[in-house]
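K.L.:
In our numbering, the protein residues as written are 2 to 170. Built from N, CA and C at the ideal position, the CB exists for glycine as well.
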Amino acid sequence: MIKLLEYIIYGMGILFVLSALFLVAVVVLIKSVDDYEKLDISTPEKATKVLNEFAEKAGVVFPEKTHLLNAAVEHGIDSGIYLKIQIKPKDLETFLKEPVIGKIDLYNSSQQQRYPGFLDNEESDWWKVSKVNNWEAGEISFPDGSYLDILIDYDHTDDYIIYLTWGFV
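1. Classify Val170: buried if its beta carbon has 16 or more other beta carbons within 10 angstroms, exposed otherwise.
2. If I follow the unbroken alpha helix (DSSP H) through Asp92, where does it start and stop?
3. With distances taken from CA atoms, which of Asp154, Asp150 and Ile9 is nearest Ile105?
4. For Val27, I'd like the list of residues in its chain whose CB is within less than 6 Å of its CB, leaving aside the five on either flank, ordered along the chain.
5. Would you kindly check if the distance between the Cβ of Tyr37 and the Cβ of Asn134 is under 9 Å?
6. When DSSP labels each residue in this structure, what does Val74 get in the three-state scheme?
7. Can we say the segment 46-66 touches the segment 78-89, given the rule of at least three CB pairs closer than 8 Å?
8. Whose C-beta lies closer than 6 Å to the C-beta of Pro64 among residues of the same chain, with five residues either side of it excluded?
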């Protein structure tokens, strides 16, 4: 009887160790799947390529003088492409009327303290939307499950900063 108890306790110990190893493997796998990568926009050609790919995927038409400040892609459970662009005030009205952006109902900072579709990205030193005080923001969802978020930063008066996320599954 004592020998049987020893085998049971030994078996439970092995089972515990295997369970712990399995959980560690799952955590490592999930962490490696949720991958954040800053995109290379170091030359005008590379920046234009990123803007064009975003425009094609999200169906957005950017003003001709759009300046791409930063870009990143995240793969994982919440996959998405993140852009931070700069446009001239004279181009904003046209941009807001383009076919996709024009369908978005925008909220502003006087209606809400923070737009819930936008959170700071902990892995990014440039995606800090919580620091924006005067803004308009909104989201549109597409039939395929993708979505487009926009936040317009009005804190800057010479040029407007716009944060865009195209999320996909």
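P.N.:
With the structure as the only source:
1. exposed
2. Pro90 to Lys98
3. Asp150
4. Any reading at Val27 must be qualified, since the residue scores a pLDDT of 42, below 50, and its modelled position is unreliable; no value is offered.
5. no
6. Note: Val74 maps to strand in three-state DSSP.
7. Taking a cut-off of 8 Å for Cβ pairs, the segment 46-66 and the segment 78-89 touch, as three or more such pairs fall below it.
8. Ile88, Asp92 and Phe96
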